[in-house]
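These notes concern the structure reproduced below.
Numbering (mature numbering (1 follows the signal peptide of the UniProt record, and there is no 0)), first residue to last: -21 to -1, 1 to 330.
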């Protein structure tokens, strides 16, 4: 995938390799701006689909807009810098409240991939006595899934947010701070936890899952774009789901593509850590997506996950009120995929 830096720090515009043979074919494809964050497990399907040429098969011509984190990604929705994409659950809720962004699917379950880590020198002491975290400074990315997981871990340890100092940093800054010995505790998400393990000797104290926090990733769309281009949104979902279907059926090749994708995003981790990504990060096929958003018996599982996240955000001051999940989690696009025989078959194909 060839990337052209367009907006310093905030975003990069990336153009996919040519997926079609003639200008006439190109004219028949629907342009769509796809946003994501580089070198993250849940973003891998965008790379795989590009390498395999599946976008054109779904009638789409993607332009990729890449962000360093979810908050600036959501802010860019106001300028219509992107149409669809993936992001963390915390910025997805923020995106709805501030910019009308809607959640249309789940990228993966990253409850084990958002963690609180300690430096090699401090790990044993805190593991044996979690209360010793009191008064310590934890570097993390504020209003992120990493922040959510850290606060769940503090609660597990019987500590309040006020018992520690939370210092806001980008994930790359956190890696630098921990590696140089300028920080001892960090809240990060995969694959940065693997980088800290392999390069700085840091170890995981607690994951979001350990703290009882469900951390879904979110497939998102600008609300106005969904109303104007529902067919394109459904096609986007079908491409994303097909990539996961293919990766599950072809794990060795999937790891090879992950290595390339992470390398292009500036992240280098071992093959063992890549295997751990696949082993600890459940993904959702079409049937599972619909089941997660099913409200036939009351609030869906997705409703519950995101409501818990919104409650965390209200407690942190990022939200003034907890929004009703039904107002921003919309399963109609996923149902559109299911109802279209061609799209459904495309989404579940493994070759």
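Ideal Cβ positions, reconstructed from N, Cα and C, are used throughout, including at glycine.
Owing to the predicted nature of the structure, the values given are computational and were not obtained by experimental measurement.
Between the alpha carbons of residue 164 and residue 100 lies a gap of roughly 11 Å.
Scanning its chain for C-beta atoms nearer than 6 Å, with the 5 sequence neighbours on each side dropped, one finds around residue 233 the residues 226, in chain order. Closest in C-alpha terms to residue 259, from the list 88, 76 and 67, comes 88. If you draw a straight line from the Cα of residue 123 to the Cα of residue 18, it is about 17 Å long. In this structure, residue 64 lies near residue 13, with their beta-carbon atoms less than 8 Å apart. Excluding the 5 residues flanking it on each side, residue 129 has same chain C-beta neighbours closer than 7 Å at 95, 117, 119 and 166, in chain order. As DSSP reads the structure, residue 88 sits in a beta bridge with 195.
Residue 14 sits in a strand when the DSSP states are folded into three classes. The Cβ atoms of residue 313 and residue 269 lie closer than 8 Å to each other. Cα atoms of residue 45 and residue 280: separation of roughly 29 Å, rounded to the nearest angstrom. For residue 272, the three-state secondary structure derived from DSSP is coil. Between the segment 197 to 211 and the segment 65 to 78, the count of Cβ pairs shorter than 8 Å is three or higher; the stretches touch. Sixteen is the threshold: when 16 or more other Cβ atoms of the shown chains lie within 10 Å of the Cβ of residue 76, as they do, the residue is buried.
For residue 112, there is no enclosing alpha helix (DSSP H), since its DSSP letter is neither H nor E. By the Cβ rule, the segment 216 to 226 counts as touching the segment 18 to 38, because three or more pairs are nearer than 8 Å.
Listed in chain order, the non-local C-beta contacts of residue 86 below 7 Å within the same chain comprise 21, 65, 196, 197 and 198, local neighbours out to five positions each way being set aside. Within the model, the alpha-carbon separation for residue 172 versus residue 183 is close to 8 Å.
The three-state reading of DSSP puts residue 82 in strand, counting E and B together. Selection 216, 10 and 39 evaluated against residue 317 yields 216 as nearest (Cα-Cα).
Here residue 192 really is in contact with residue 131; their C-beta atoms are around 4 Å apart, less than 8 Å.
When DSSP states are grouped into helix, strand and coil, residue 46 belongs to the coil group.
Contact fails between the segment 141 to 149 and the segment 202 to 211, because fewer than three Cβ pairs, one in each stretch, are under 8 Å apart.
Judged by beta-carbon spacing, residue 248 lies beyond the 8 Å limit of residue 320, meaning their Cβ atoms are not closer than that value. Its chain contains no residue whose beta carbon lies nearer than 6 Å to that of residue 278 once the 5 sequence neighbours on both sides are disregarded. In this structure, DSSP gives residue 39 an extended state, which the three-state scheme calls strand. In the DSSP assignment, the residues bridged to residue 67 are 196. Under the three-state reduction of DSSP, residue 61 is assigned to coil, being neither helix nor strand. Cβ atoms of residue 190 and residue 134 come within 8 Å of each other, at about 6 Å. In this structure, residue 178 keeps its C-beta atom at 8 Å or more from the C-beta atom of residue 90. Between the alpha carbons of residue 162 and residue 150 lies a gap of roughly 13 Å.
Put simply, of 70, 83, 72 and 79 the residue whose alpha carbon is nearest the alpha carbon of residue 58 is 79.
Residue 236 sits in a helix when the DSSP states are folded into three classes.
When the beta-carbon positions are compared, residue 105 and residue 292 stay at least 8 Å from each other.
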